[in-house]
Amino acid sequence: MVTSKIIATGRHVPDFKVTNTDLSKIMDTNDEWIQKRTGIEARRFSDKSTTYMATEATFEACRIFGC
114 MVTSKIIATG
124 RHVPDFKVTN
134 TDLSKIMDTN
144 DEWIQKRTGI
154 EARRFSDKST
164 TYMATEATFE
174 ACRIFGC
């Protein structure tokens, strides 16, 4: 029987960050209102593909594990 295990994890966080304060400048809302209802403080956006971000996360996992 073939078994597998997770030996490391990695992540890639896009650089472009939009905070609730940023949103409040273009919408009729504020940080407190958004956080209270959603729990979200900020969101990240990327023009990169999912494949690119997954590859970057894989490279990080390899660096952590020592590949």
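Okay, so the sequence shown: first residue is 114 according to the numbering used here, each after it adds one. Beta carbons: idealized from backbone N, C-alpha and C, even for Gly.
Do residue i and residue j have their CB atoms nearer than 8 Å?
{"i": "A155", "j": "T132", "result": "yes"}
{"i": "S137", "j": "D144", "result": "yes"}
{"i": "K130", "j": "R157", "result": "yes"}
Taking residue i as the reference, give the member of the options with the closest Cα.
{"i": "V126", "options": "F178, A174, S159", "result": "S159"}
{"i": "E169", "options": "R157, R124, I119", "result": "R124"}
{"i": "R176", "options": "K138, D144, I120, T116", "result": "I120"}
For residue i, which of helix, strand or coil comes out of DSSP?
{"i": "K149", "result": "helix"}
{"i": "R124", "result": "coil"}
{"i": "T132", "result": "strand"}
Within the 8 Å Cβ cut-off, does residue i reach chain B?
{"i": "A155", "result": "The chain labelled as chain B is not found in the depicted structure, where only one protein chain is given."}
What first and last residue would you give for the alpha helix (DSSP H) that runs through residue i?
{"i": "T163", "result": "163-178"}
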